[in-house]
Amino acid sequence: MPEDGASDTYAIQAKWQRRWAEADPFRAGGDDDTRPRKYVLGMFPYPSGDMHMGHAENYAYVDTVARFWRHRGYNVLNPIGWDSFGLPAENAAIQRGADPREWTYANIAQQKASLQHFGTSYDWSRVLHTSDPEYYRWNQWLFQRLYERGLAYRKASPVNWCPKDQTVLANEQVVDGRCERCGTEVVKKKLTQWYFKITDYADRLLDDLNQLEGFWPQKVIRMQRNWIGRSVGADIDFEIEGRAEKVTVFSTRPDTLHGATFFVVAPDSDLAAELASGASAEVRMRFQDYLERVQKETDIERQSTDRPKTGVFLDRYAINPVNGERLPVWAADYVLADYGHGAVMAVPAHDQRDLDFARAFDLPVKVVVDTTAPVTGAIPVIELDEQGVPIDPGSAEPDLTDLDPARTGVALTGDGRLVNSGPLDGLSKRNAIARVIEQLEAAGTGRAAKSYRLRDWLISRQRFWGTPIPMVHTEDGRIVPVPDEELPLRLPDAHGLDLAPKGTSPLGGATEWMQTVDPETGEPALRDPDTMDTFVDSSWYFLRFLAANDPAEAFPSREADRWAPVDAYIGGVEHAILHLLYARFITKVLFDMGLISFTEPFSSLINQGMVLLSGSKMSKSKGNLVEFASSMVDPGADAVRIAIAFAGPVEDDIDWEDVSTTGAQKFLARALRVARDVASPTDVAWKDGDAALRRVTHHLWADAPGLVEHTKFNVVVARLMELVNATRKVIDSGAGAADPAVREAAEAIAMVLDLFAPHTAEEMWEILGYEPFVGLVPWRQADPTLLVEESVTAVVQIDGKVRGTLTVPARVSADELEALARTDEKVVRALAGRAITRAVVRAPKVVSFTTS
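Numbering (full-length UniProt numbering), first residue to last: 1 to 852.
This is the structure we're talking about:
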């Protein structure tokens with residue numbers, strides 16, 4: 001391959017891509033394959049046009065890992081598919097007046113061609129598209145199983161609504177108050193929607209993260225824990241005057257119940273509407289005006305700590321269950337309807353948001369925790385009176401005037417001892433919490449409880465291009481499942497349908513499709529017009545790859561036992577919450593159903609950094625991207641892959657403007673010339689070759705596995721470059737191309753290069769006289785005798801400055817090294833007659849002298 005010979009590059013690429021297509025060498029072995037198994041998977045792409053370099057980075061890394069494990073003797077499953085339902089396809093179809101199918105499958109064909117040109121070693125026999133009825137049939141099957149187990153349900157509640165895309169969003173799909181997909185500011189809207197009851201699995205989702213410590217990035221584990229957000233405390237039942245049913249409030253600080261001075265409900269909750277409806281006309285009017293303002297706010301705005309507190313008194317009172325005090329009930333926007341129970345007891349002395357509200361509306365502030373009092377581990381200061389008699393610390397009330405939150409505006413949130421709390425006085429926070437829960441349980445007014453930040457997964461969408469929800473609405477108000485034998489419930493033809501977002505699903509306009517019969521009675525009925533969130537598609541797709549073409553079941557349990565969970569899952573950290581959380585949930589449900597034997601879907605997770613362009617994330621909407629296919633036109637696929645691998649650590653962001661494909665081209669040309677220059681036969685005795693070159697080769701064999709397993713791909717490429725240079729030196733001098741060590745090194749280069757530049761590696765392997773395919777050749781073992789260094793360079797420092805170097809035997813003793821340093825001419829000159837007062841020796845690398 002001449003360094004400027006692009007035609008050679010393209011010819012080599014075409015040649016090996018054709019041979020791979022003909023031989024299908026990367027298909028996973030079947031039941032008769034006795035090799036140990038590895039399941040390597042990259043997060044599958046969305047077909048929104050051609051892929052860009054961010055995708056290229058991800059799939060290059062996936063291919064490196066898959067190829068590595070094949071070389072290590074494993075039967076590797078490395079499949080590919082497309083996450084092909086979703087809004088981008090539908091929005092593009094609306095703009096073009098086309099069927100989303102046409103746009104989607106044309107893009108899939110383009111992306112598939114790009115991946116093949118990239119030299120990826122996929123098992124192409126297992127390709128899946130989530131928009132195929134053969135796939136989404138099993139989404140519907142899964143929905144039915146969750147419905148049977150009480151984990152799929154329908155309810156009316158305030159939801160996140162994207163005004164632009166005209167569809168609901170799960171909480172996880174709202175980023176900084178805006179739609180994750182289009183950036184539009186999200187509003188709240190009350191709708192009846194389908195949910196998956198992920199909160200039933202909150203504890204397991206949280207506790208099972210312990211299994212992933214050391215195998216997933218710590219950042220991702222932390223994000224998952226924070227999102228689930230478990231809090232421990234108590235559910236407390238409050239009476240509302242004039243209301244028969246009690247209202248339950250969750251609190252992590254039930255010990256502060258005696259400090260509650262008012263009660264707050266979310267203005268957009270059913271409770272607030274009910275309480276306001278029983279108030280005077282003036283209160284009802286004030287509440288309605290306030291509610292309309294709140295409905296225009298995002299949850300992010302409502303939770304902000306630096307905005308003025310607003311609210312409306314509902315002219316109703318709650319009764320504190322521990323002391324009978326009447327607490328005025330307010331509707332205030334800092335309480336959210338779908339968090340906790342949509343109501344809170346306000347303890348302004350010990351909660352900053354409650355305090356800000358109390359100060360804004362001149363409400364009482366009552367201190368019930370003395371945060372100046374020692375709790376545990378502190379030695380109390382004993383004060384004496386004028387006669388020297390110890391003063392009883394319990395004989396005087398604590399002076400809290402200097403810390404009064406009503407005056408300072410700063411809530412007392414620290415630990416301390418209870419005051420102004422009747423029988424709880426003097427107790428520490430921990431003991432007071434335990435005691436008050438006992439009291440509440442004895443009185444039947446509360447109980448120990450846990451609360452979570454996690455909300456149930458809202459899965460219904462008011463759009464066309466998704467999995468139809470397989471439920472039937474009967475004339476008498478029942479909702480019944482479509483029978484399994486009628487699945488898949490296929491989408492209707494999009495032609496003739498108005499797909500434009502309008503707040504209701506376009507499927508509702510498919511009149512003929514909507515008409516059906518009640519499966520139980522045969523009476524006329526209607527289908528559910530909504531489709532599923534596309535995160536349902538990706539929550540279990542890794543299992544469908546195990547039998548992508550099986551018409552009888554979603555996945556055979558025996559295949560799950562053979563291959564799953566995924567050994568190495570590779571993709572962007574942007575999926576750290578949504579996709580991974582949902583996949584973990586569905587995995588646990590399938591485990592409970594007895595269909596799989598594991599509880600976590602991905603044993604190891606590798607997150608790559610982003611590929612930037614001029615400092616910004618590549619984005620089609622921003623117009624700042626380098627397309628996958630066009631990036632390979634000039635340098636070739638291998639140069640792009642080498643450049644990506646060499647650009648830096650996998651987890652770091654890289655700017656494409658800083659990536660040198662030209663340097664990668666030159667390196668690959670040098671590697672290929674090494675193979676062409678080899679003049680020894682395949683059966684040459686390597687032990688007779690250049691010893692120094694052999695050591696470089698065997699150090700690479702020894703070190704590369706650990707480097708790859710720790711995703712230090714850039715270091716492996718650097719070591720490959722070192723070996724190419726060392727081999728070139730031997731070729732150009734001494735025994736030259738006929739030296740047996742040159743052949744050994746060239747073969748090592750080809751095998752390791754296969755991880756990053758497979759076309760060039762295959763060409764080298766053939767030139768070296770071997771049959772295809774180098775990608776299937778077992779990794780060679782390093783000769784331990786060649787890993788022992790014969791000599792090393794020792795540094796000699798005098799008073800902290802380097803004054804000389806010594807070439808010494810690798811096994812030199814400390815005494816021998818010190819003696820050599822003391823007599824070295826450069827060191828003697830540098831000492832200039834000064835006496836050595838201290839010598840520190842770290843054989844065989846460092847001698848450090850201190851002088852007087």
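Idealized CB from N, CA, C, for every residue including glycine. Small disclaimer: the values here were computed from a predicted structure and weren't measured.
Could you give the residue range of the alpha helix (DSSP H) that holds residue i?
i	result
A675	661–677
Y147	133–148
G706	691–709
A738	Taken as a continuous stretch (DSSP letters only), A738 belongs to no alpha helix (DSSP H), as it is neither H nor E.
M285	281–294
Kindly indicate which three-state DSSP category residue i falls into: helix, strand or coil?
i	result
F250	strand
E766	helix
T531	strand
G571	strand
R181	coil
G648	coil
P506	helix
E600	coil
S852	coil
H52	strand
H759	helix
L191	strand
F263	strand
H129	strand
Q17	helix
L487	coil
State the Cα-Cα distance for the pair residue i and residue j, rounded to the nearest angstrom.
i	j	result
T64	A113	19 Å
D351	A411	6 Å
D8	R728	21 Å
G183	H258	45 Å
P217	S603	12 Å
D655	D690	40 Å
residue 857	K712	Residue 857 is absent from the model: the chain starts at 1 and stops at 852.
D83	Q211	28 Å
G342	V159	14 Å
R137	P488	4 Å
L275	D237	17 Å
I12	K826	55 Å
R353	A373	24 Å
A704	W765	19 Å
F667	A560	42 Å
Q797	I642	40 Å
K429	A260	16 Å
T823	E789	24 Å
I479	Y334	36 Å
residue 921	V795	For the chain, the structure presents residues 1 to 852; residue 921 sits outside this window and is missing.
Y135	G81	11 Å
Take residue i as the anchor and find which of the options has the nearest alpha-carbon.
i	options	result
P649	G609, S660, S631, Y770	G609
S121	E57, S616, W20, V742	W20
T467	D528, A349, L363	D528
R27	S125, W141, T661, S733	S125
S460	A93, I240, S157	S157
F262	L363, D255, A272, D338	L363
A832	P844, A843, S852, A814	S852
F585	A92, L142, E22	L142
A830	A819, F849, L817, D815	F849
E486	D518, E512, L497	D518
A671	W686, Q95, A726	A726
Which residue comes first and which comes last in the beta strand (DSSP E) that contains residue i?
i	result
A332	326–332
L314	311–319
R842	836–842
Next on the checklist: Across the stretch 413–422 and the stretch 191–203, are there enough close Cβ pairs to call them in contact, namely three or more that are closer than 8 Å?
Outcome noted: In short, these stretches do not touch, since the Cβ pair count stays below three.
Next on the checklist: If contact is defined by three or more beta carbon pairs under 8 Å, each pair taking one atom from either stretch, is the stretch 498–514 in contact with the stretch 435–453?
Outcome noted: The stretch 435–453 makes no contact with the stretch 498–514: fewer than 3 CB pairs, one atom from each, lie closer than 8 Å.
Checklist entry - Pairing CB atoms from the stretch 794–813 with CB atoms from the stretch 714–731, are three or more of them under 8 Å? => result They do not touch, by the three-pair rule.
Next on the checklist: Taking 8 Å as the cut-off, does the stretch 564–582 touch the stretch 48–66 (at least 3 CB pairs, one atom from each stretch)?
Outcome noted: These segments touch.
Checklist entry - With a cut-off of 8 Å, do at least 3 Cβ pairs link the stretch 225–241 to the stretch 443–459? => result Here the stretch 225–241 makes contact with the stretch 443–459; the two share three or more CB pairs at distances below 8 Å.
Checklist entry - Counting Cβ pairs, one atom from each stretch, are 3 or more of them under 8 Å apart for the stretch 692–706 and the stretch 774–787? => result Yes, they touch.
Item to check | the stretch 533–540 / the stretch 490–500 touching (three or more Cβ pairs under 8 Å) | outcome: Counting Cβ pairs under 8 Å, fewer than three are found: no touch.
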